[in-house]
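>
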Amino acid sequence: MENTGGKIDEIVKGFFQIRSHLFCNALILLTGFLVFLFVPFYVLTPEQAQQAFNNGRGGRVFLDILSLVGLYFAVVGTIYWIFAFTRFRQFGAFIAVFLFVWVCLSGFLFPLTTARGTEELGLAPVRMINLIIVVGVSVVIALLILSKNINIISIFFGTFLLLAIVPSMYAALSIFESRSLDDLSVPLSPEKNLIMISLDGVPGHIVTDILAEDESLREKFKDFEYFRNVNSSAPSTDAALSGVMFGNQDLTVAATLQRNDPSLLFANDANKFNFMTGFGYKQFNQTGRQISAGQFGVPEQRYELFVMYRPVFARLFSKVVVWIVDILEYELGRNAKFYTTTLGVETMTNILDNGSNKPSVYLSHFIFTHAPAMIDQRCGFNSRDTKWFDDNQNKFGVIKGSKCGLLKLADFVDKLKALGVYDNTLIVFASDHGKIVRFYDEPPHNLTINNHTSLGLDRYHPMLMVKNIGQVQDSIAYSDRLVLLDDLAKTTCLVFEKSSKCEMFKGLNLFDPNSEMPDDFFVHVAKDATSTWRVHTMKSVKLPRGVPLEQAMRASDEIKLSPPVGQ
């Protein structure tokens with residue numbers, strides 16, 4: 002018994018030489034709060050923080066953050082306790098301290114990955130010097146903290162965290178003040194406005210067919226010009242919207258995205274414009290109001306929080322972790338991103354109002370039309386109807402969802418007319434891209450590009466219709482002019498600014514039939530079957546501008562069009 006007791010005493014003494022259970026577990030908990038609350042508040046602007054953390058659901062957001070902290074504590078804590086009762090018990094304590102120091106250094110002093118301009122995090126380089134500093138210093142300080150003489154280190158980190166966290170803590174508490182879900186408004190000007198609404202994944206050729214058959218929709222859009230030969234320069238949302246805002250560019254070059262400074266956009270002149278953005282366009286808004294998707298519902302709120310953590314995780318753990326987050330986002334965030342009802346677009350229509358004392362610019366992207374097909378032609382949501390789902394993952398399902406999208410856009414038109422601002426508003430209704438290959442059985446819409454199973458030719462055939470200020474017609478005008486979504490950058494700029502400020506945008510003026518067409522343009526395509534929807538996994542190809550897209554792609558040595566395997 003004495004020998005057994007002596008061994009236990011020796012084990013306990015050895016364990017508590019590397020600090021107590023309380024110390025390590027408190028450190029793990031504090032690290033969780035740093036990752037999910039205090040570092041985000043340190044790096045976000047007040048407007049971004051207000052948008053992500055208090056969108057009318059502040060209490061629920063705070064509970065979600067506590068859940069994330071609890072998850073971190075459970076995972077790292079479990080690892081700690083596994084080592085605590087083995088011969089490698091000191092390693093468990095080392096992990097807890099190492100992660101704490103790592104987060105402190107990368108979160109507040111030495112970020113590992115940051116993006117400039119509109120640069121995608123996947124393209125932003127890892128700051129190797131910062132990585133070496135963070136790893137080296139974290140190892141050294143972790144070893145020192147686990148030694149007996151830690152007073153100086155403890156005082157240093159205590160002071161450091163007080164200086165970094167206290168301002169963030171004040172912001173964190175104040176941001177969760179009560180805010181009504183009804184406190185929403187998108188004020189428009191009686192003078193001049195731009196409203197640009199895009200729907201995710203609505204093919205232009207499908208809309209052409211719907212309009213040909215539906216007289217009531219043609220009447221709703223009678224003042225618009227509908228472009229039947231419009232192409233997107235990218236098959237994914239983020240890249241397509243970058244083209245809409247900055248014109249046609251090679252987005253696979255990081256330097257290009259770094260130069261795309263949103264402050265250069267005319268709408269970010271706060272003295273001249275009331276700039277408001279919803280989902281998809283928020284990254285371009287630096288001076289105006291970013292309307293939170295969380296105000297539409299709990300799934301949107303949680304997805305918005307998820308997206309907000311991407312740059313935080315890149316800062317803390319490098320862009321490699323962001324790639325993992327992207328996979329989780331696609332798999333876990335699908336219900337929030339794709340499968341919600343049309344509540345978002347209905348909310349945005351209802352909160353359009355008068356009252357802006359300067360021209361208003363409102364841009365938003367809606368995703369209820371995204372694949373897979375879940376919305377019927379009356380905008381009914383069919384997430385739980387297995388038979389309906391199985392029967393509509395094809396062209397017929399695309400038609401139904403697209404018709405719902407057009408009905409919602411028609412509601413926008415009705416609301417603008419009711420407010421008396423329709424005539425003086427430049428209205429752009431578009432989509433970002435078409436559908437993936439598997440929705441079609443016939444060419445050219447089922448053609449794959451470089452053997453990619455999803456990002457085929459149809460992804461480059463979006464919808465576009467535009468009504469200029471004061472434009473009045475007896476019927477919808479159809480244009481067969483070869484245009485790009487990227488032409489919207491120059492077109493919208495020229496309506497609101499002098500031509501000299503719009504020269505930075507490469508493309509056509511859609512309202513000027515004599516606008517000179519560039520000789521060529523960049524299109525972003527899958528390198529091979531391994532490419533993803535992220536632009537940094539694609540390659541850019543320069544194609545002639547005045548040639549139909551399919552013809553131009555077939556003539557390119559870098560693009561192979563072919564039917565799917567088995568068809």
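Residue numbers (our numbering): 2 to 568.
We put the CB at the ideal spot given by N, CA and C, even for glycine.
Treat the numbers as computed from the prediction; the structure is a model and nothing was measured.
1) Spatial neighbours of Gln-287 within its chain, please: CB distance less than 6 angstroms, with the 5 preceding and 5 following residues excluded, ordered by chain position.
2) Whose CA, out of Pro-445, Leu-31 and Gly-547, lies closest to the CA of Arg-482?
3) Pick helix, strand or coil for Glu-498, following the three-state DSSP scheme.
4) Taking DSSP as the reference, what is the three-state secondary structure of Asp-558?
5) Quick check: the stretch 235–253 against the stretch 468–475, are there 3 or more CB pairs under 8 angstroms?
6) When you compare only the Cα positions, how much space is there between Ile-96 and Ala-372?
7) Would you mind listing the alpha helix (DSSP H) stretches within the stretch 216–282 that are 4+ residues and don't spill past its ends, in chain order?
8) Please report the distance separating the alpha-carbon of Leu-64 from that of Thr-350.
9) By how many angstroms is the C-alpha of Leu-30 removed from the C-alpha of His-206?
10) Please go through the stretch 406–489 and give each complete beta strand (DSSP E) segment of 3 or more residues, from N-terminal end onward.
11) At what residues does the beta strand (DSSP E) containing Lys-507 begin and finish?
12) What are the boundary residues of the beta strand (DSSP E) that includes Met-539?
13) Please state the DSSP three-state secondary structure of His-525.
14) Evaluate Phe-89 with the Cβ neighbour count: other Cβ atoms within 10 Å of its Cβ, from every protein chain shown; 16 or more gives buried, anything less gives exposed.
15) May I have the straight-line CA-CA distance separating Ala-27 from Phe-42, to the nearest angstrom?
16) Within 10 angstroms of the Cβ of Lys-388, are there 16 or more other Cβ atoms? Answer buried if so, exposed if not.
17) Looking at C-beta atoms only, is the number of pairs between the stretch 423–432 and the stretch 483–496 that lie closer than 8 angstroms three or more?
18) Sorted by chain position, which residues of the same chain lie with C-beta nearer than 6 angstroms to Leu-364's C-beta, five sequence neighbours on each side aside?
19) Could you give the uninterrupted runs of the alpha helix (DSSP H) lying entirely in the stretch 43–115, keeping only those of 4 residues or more?
20) Please work out which residues of its chain come closer than 8 angstroms, Cβ to Cβ, to Leu-420, disregarding the five sequence neighbours upstream and downstream, and give them in chain order.
21) Terminal residues of the continuous alpha helix (DSSP H) containing Leu-35?
22) Going straight from the alpha carbon of Asp-521 to that of Asn-395, what length do you get?
23) Can you tell me whether DSSP reads Ser-139 as helix, strand or coil?
24) Which residues bound the beta strand (DSSP E) around Met-197?
25) Could you name the residues that DSSP lists as bridge partners for Val-548?
26) Got a sec, what are the start and stop residues for the alpha helix (DSSP H) Asp-390 sits in?
27) Quick check on Pro-360: buried or exposed, where buried means 16 or more other Cβ atoms within 10 Å of its Cβ?
28) Where does His-371 sit, in a helix, a strand or coil, going by DSSP?
29) Measure the Cβ-Cβ separation of Asn-249 and His-462 and say whether it is below 9 angstroms.
30) For the stretch 127–138 against the stretch 96–109, do three or more pairs of beta-carbon atoms, one drawn from each stretch, fall closer than 8 angstroms, so that the two count as touching?
31) Identify every residue that forms a DSSP beta bridge with Asp-354.
32) Please report the residue range of the alpha helix (DSSP H) in which Thr-209 lies.
33) Do Asp-459 and Val-438 count as a contact pair if the criterion is CB distance below 9 angstroms?
34) So for Ile-292, helix, strand or coil by DSSP?
35) Out of Gly-457, Asp-558 and Glu-504, point me to the one whose CA is closest to Pro-564's CA.
36) Which residues in the same chain have their Cβ closer than 6 angstroms to the Cβ of Glu-551, if we skip the five residues on either side of it in sequence?
A quick look at the data gives this:
1) Position 286 of the sequence shown, counted from the start, is the residue given in the question as residue 287. For Gln-287, where only same-chain residues beyond five positions count, the Cβ hits under 6 angstroms are Pro-263, Ser-264 and Asn-269.
2) The count along the sequence shown starts at 1 and reaches residue 482 at position 481. Looking at the Cα atoms, Gly-547 is the closest of the given residues.
3) Mapped onto the sequence shown, residue 498 falls at position 497. The DSSP-derived three-state label of Glu-498 is coil.
4) Counting from 1 along the sequence shown, the entry for residue 558 is found at position 557. Here Asp-558 sits in coil by DSSP.
5) no
6) Your numbering for residue 96 matches position 95 in the sequence shown. Your numbering for residue 372 matches position 371 in the sequence shown. Put simply, the backbone Cα of Ile-96 is about 42 angstroms away from that of Ala-372.
7) 216–221, 238–247 and 255–260
8) What you label residue 64 is simply residue 63 of the sequence shown in a count that begins at 1. What you label residue 350 is simply residue 349 of the sequence shown in a count that begins at 1. Approximately 30 angstroms, taken between the alpha carbons.
9) As a first step, residue 206 is located in the sequence shown; it is residue number 205 there, counting from the start. As a first step, residue 30 is located in the sequence shown; it is residue number 29 there, counting from the start. Answer to the nearest angstrom: the Cα atoms are 54 angstroms apart.
10) The qualifying runs are 426–432, 465–468 and 478–480.
11) In the sequence shown, counting from the first residue as 1, residue 507 sits at position 506. No beta strand (DSSP E) contains Lys-507, which DSSP labels as neither H nor E.
12) Within the sequence shown, residue 539 is the residue found at index 538, counting from 1. Per DSSP, Met-539 belongs to the beta strand (DSSP E) from 539–545.
13) Walking along the sequence shown from the start, residue 525 turns up at place 524. Reduced to three states, the DSSP call for His-525 is strand.
14) Here the question's residue 89 lines up with position 88 in the sequence shown. Classification for Phe-89: exposed.
15) To locate residue 27, count along the sequence shown from 1; it is residue 26. To locate residue 42, count along the sequence shown from 1; it is residue 41. Near 21 angstroms, if we compare the C-alpha coordinates of Phe-42 and Ala-27.
16) As a first step, residue 388 must be located in the sequence shown, where it is residue number 387. Lys-388 is exposed by the Cβ-count criterion.
17) Verdict: yes, contact present.
18) In the sequence shown, the residue the question calls residue 364 occupies position 363. Excluding positions up to five away in sequence, the list reads Met-197, Thr-278 and Tyr-282.
19) 47–54, 59–85 and 90–109
20) As a working note, residue 420 is residue 419 in the sequence shown. Once the five neighbours on either side are set aside, the close Cβ partners of Leu-420 are Leu-189, Leu-353, Asp-354 and Asn-355.
21) Working through the sequence shown from its first residue, we reach residue 35 at position 34. Neither: Leu-35 is in no alpha helix (DSSP H) and is coded neither H nor E.
22) Translated into the one-based positions of the sequence shown, residue 521 becomes position 520. Translated into the one-based positions of the sequence shown, residue 395 becomes position 394. Each residue's Cα considered, the two are about 33 angstroms apart.
23) To locate residue 139, count along the sequence shown from 1; it is residue 138. In the structure shown, Ser-139 sits in a helix (DSSP, three-state: H, G or I).
24) Taking the sequence shown and counting its residues from 1, the one referred to as residue 197 is at position 196. Run containing Met-197: 194–200, per the beta strand (DSSP E) assignment.
25) Start at 1 with the first residue of the sequence shown, and residue 548 comes out as number 547. Per DSSP, none; premise fails for Val-548.
26) Against the sequence shown, residue 390 aligns to sequence position 389. Note that residue 390 is Phe in the sequence shown here, rather than Asp. Run containing Phe-390: 387–392, per the alpha helix (DSSP H) assignment.
27) Numbered from its first residue, the sequence shown carries residue 360 at position 359. Buried, by the Cβ-count rule.
28) In the sequence shown, counting from the first residue as 1, residue 371 sits at position 370. DSSP places His-371 in coil when its eight states are reduced to three.
29) Along the sequence shown, one-based indexing puts residue 249 at 248. Along the sequence shown, one-based indexing puts residue 462 at 461. Contact flag unset, no.
30) A contact exists between the stretch 127–138 and the stretch 96–109.
31) Looking up residue 354 in the sequence shown gives position 353. According to DSSP, Asp-354 bridges with Pro-188.
32) The sequence position of residue 209 within the sequence shown is 208, counting from 1. Thr-209 -> alpha helix (DSSP H) spans 205–214.
33) Translated into positions along the sequence shown, residue 438 becomes position 437. Translated into positions along the sequence shown, residue 459 becomes position 458. Yes, Cβ-Cβ distance for Val-438 and Asp-459 is below 9 angstroms.
34) Looking up residue 292 in the sequence shown gives position 291. Three-state DSSP puts Ile-292 in coil, outside helix and strand.
35) Mapped onto the sequence shown, residue 564 falls at position 563. Considering only alpha carbons, the answer is Gly-457.
36) On the sequence shown, position 550 is the one that residue 551 refers to. Around Glu-551: Pro-445.
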